[in-house]
Amino acid sequence: MNTPCAGRRGELAPVVWRPAWLAFASVLTLTVLASPLFAQPLAGANTCGALIHTPPSQMDAATRIAAGREAVRCLINAERTSRNLGALSANSRLTSAAQGHADAAASLKWWTGGANPHVNPQTGSTIDSRISATGYCGGKQRLIGEIAYTGRGAGAPSEGCPLGECATPAAAVNWWMNISKSGHREQILTSAYNELGTALAGVAATPDGALPEMGTYVVDFGACDAPEPAPPASGTSPPPPPPPNFQRTAVRFQNMHVNDCPEIGVCDWKLTCHIGNQPDVELLGMVSRNTGEDVPLSTTMTQDGAPPMLVTCTVKERDGPFLFFDSAVWELVGTVSTPFDKGQRDLRINQNRGEGDVTVQILVESLGATHSGTSPPPLPPPPAAPTGCRIPEASFPRCGFLSAQCDAPLPAASEYLIAGVVGQVFRSVPEIGLVDAEYREEGDRTLKVCARNAGGTRCSNGFGASLGPLVCPHPPAHRICPEGQRPCPLKGCIANNQHCDFLQ
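Quick note on numbering: the sequence shown equals residues 6 to 509 in this note's numbering.
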């Protein structure tokens with residue numbers, strides 16, 4: 006069934022204060038269903054010109070580069086100034102980072118299902134690496150963020166496209182401000198930002214068919230703790246390097262070991278950490294592990310100064326959902342801050358033992374004297390792509406739940422996704438190659454199972470799936486199962502090492 010706004014998608018990357026030499030930031034993006042949140046007209050609807058109602062596919066290249074970018078900036082600034090926030094100036098480096106990513110998205114078209122629109126699956130580039138490559142902030146500490154949107158089609162006003170247009174600058178800003186529940190509005194209204202780069206592409210970033218009305222938008226926000234240095238005049242020498250006694254410390258997060266999973270079955274874990282006074286970085290978004298199992302982290306953070314270095318980590322454990330009407334709840338396991346000297350260190354987190362007990366394994370290293378504080382630590386290699394992925398025989402996706410079975414074990418990764426489906430993974434068991442997810446749209450799909458870490462995302466070959474009705478008349482799964490068993494939608498409790506289709 007065609008909808009007037011097929012392919013609508015928006016994503017958020019967390020705001021990150023970070024030294025400019027930090028090579029990457031772990032980014033969690035959320036796929037959401039659009040539903041009205043703030044029923045407010047756009048502040049710039051009558052002041053930002055007629056181009057705000059023109060999709061990029063109907064602009065020539067020169068118009069997109071100049072007037073199209075300015076239309077988006079005008080709409081964003083109107084939202085800010087109407088709330089007594091400062092207008093954002095255009096920054097050429099942020100614009101370059103945003104446009105490069107928009108063009109790549111329009112070419113590769115990977116913004117589908119659970120795929121992360123902020124990580125290029127071909128190059129592995131992230132928000133941080135793209136902006137760093139432009140030289141933004143000239144090595145100073147900075148605040149950065151990114152929002153993105155792609156849309157197709159036009160027609161009568163609908164829940165997803167209340168303006169009756171889905172691909173225009175007005176549709177993009179309206180979705181960010183008034184529909185998304187993932188924090189796009191908060192990004193636009195972050196008072197600390199003082200500049201931005203806007204980018205448009207004339208096609209959608211999804212693999213759906215072409216329509217006359219299409220557009221892809223990327224906005225990169227930023228603020229430096231000091232003005233950007235002016236480029237050196239022709240023939241002048243660059244500024245001298247820092248003194249040779251410049252010190253830097255690297256904290257390498259290597260592994261999280263589960264000492265105790267209190268759930269019947271396996272536990273879903275979330276881990277955020279930071280060093281010194283830096284902001285939290287999410288190292289694990291949601292990974293399933295049982296007692297005695299490990300999760301590789303492969304993340305490095307660096308900061309000026311010599312050890313000891315203060316390390317702070319927070320762990321949460323997820324309860325539910327097991328029923329289609331459930332909501333998940335993240336329960337706090339604990340937060341621990343400890344100064345660590347050089348060497349291999351363990352950070353045990355278990356203040357709320359009823360919710361779990363884990364140990365984060367860390368290596369603290371002094372990078373010693375160096376002539377520059379701008380050399381980033383290398384990104385870890387992306388995980389291998391899962392293989393042999395399919396829908397298990399006789400395990401038909403229905404009632405909003407699906408299971409994907411791949412060759413076991415799944416490649417080591419910090420997170421597993423199912424691209425091509427709107428919904429999130431709620432269970433992954435790498436040892437047996439199983440990924441369970443919810444879905445929120447019915448119909449035939451081509452799916453891919455993806456493994457992701459800070460270095461990038463790699464996906465399996467595509468496989469077909471027919472997603473059945475979202476609501477079923479059958480009894481839902483039991484929420485609590487005996488020890489050694491786990492819930493199976495529609496079938497009750499099964500052994501931990503069984504798949505739901507075994508009982509069909």
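Note that CB positions come from ideal geometry on N, CA and C, so glycine has one too.
- By the C-beta criterion, the segment 253-260 is judged not to be in contact with the segment 171-184, since fewer than 3 inter-stretch pairs fall below 8 angstroms.
- The C-beta distance from N458 to P391 rounds to 13 angstroms, too long to meet the 8 angstroms contact threshold.
- Taking 8 angstroms as the upper bound for CB-CB distance, P61 and L205 are in contact here, some 4 angstroms apart.
- Residue ranges of uninterrupted beta strand (DSSP E) with 3 or more members, entirely inside the segment 352-421 and ordered along the chain, are 362-371 and 406-410.
- Cα atoms of L372 and I57: separation of roughly 50 angstroms, rounded to the nearest angstrom.
- The alpha-carbon separation between A413 and G393 amounts to approximately 9 angstroms.
- Counting only runs of 3+ residues, the beta strand (DSSP E) found wholly inside the segment 183-242 occupies 200-206 and 219-229, in chain order.
- With distances taken between CA atoms, E436 lies nearest to V300 out of E370, R395, R358 and V300.
- By the criterion of a C-beta distance shorter than 6 angstroms, C455 is surrounded in its chain by L422, A424, T462 and C464, once the five residues flanking it on both sides are discounted.
- Collapsing the DSSP output to three states places P174 in a helix.
- With distances taken between CA atoms, I149 lies nearest to A102 out of P397, N179 and A102.
- Beta-bridge pairing by DSSP links I136 to no other residue.
- For R74, the closest C-alpha among the options R190, D324, A110 and T221 is that of T221.
- The residue from A107, G448 and P487 with its alpha-carbon nearest to that of C404 is G448.
- When the beta-carbon positions are compared, D309 and Q252 come within less than 8 angstroms of each other.
- Residue burial annotation: K186 is exposed, with fewer than 16 other C-beta atoms found within 10 angstroms of its C-beta.
- Closest in C-alpha terms to D362, from the list S400, E322 and N51, comes E322.
- Between the alpha carbons of P167 and R294 lies a distance of about 42 angstroms.
- Around the beta-carbon of V476, fewer than 16 other beta-carbon atoms lie within 10 Å, marking it exposed.
- The segment 274-289 makes contact with the segment 305-320, as at least three CB pairs between them are under 8 angstroms.
- If you look at D265, you'll find it in the beta strand (DSSP E) that goes R253 to D265.
- The alpha-carbon separation between R85 and A71 amounts to approximately 21 angstroms.
- The bridge partners DSSP lists for T277 are E287 and T319.
- When DSSP states are grouped into helix, strand and coil, T343 belongs to the strand group.
- The Cβ atoms of A109 and N125 lie closer than 8 angstroms to each other.
- In this structure, the straight-line span from the alpha carbon of K453 to that of F468 is close to 7 angstroms.
- Spanning the alpha carbons of A228 and T100 requires a straight line of approximately 14 angstroms.
- Burial of P402 is indicated by the presence of at least 16 other C-beta atoms within 10 angstroms of its C-beta.
- Take A111, set aside five residues on each side of it, and the residues of its chain with a beta-carbon closer than 7 angstroms to its own are A206, V208, A210 and T221, in chain order.
- Secondary structure at E436: helix, using DSSP grouped into helix, strand and coil.
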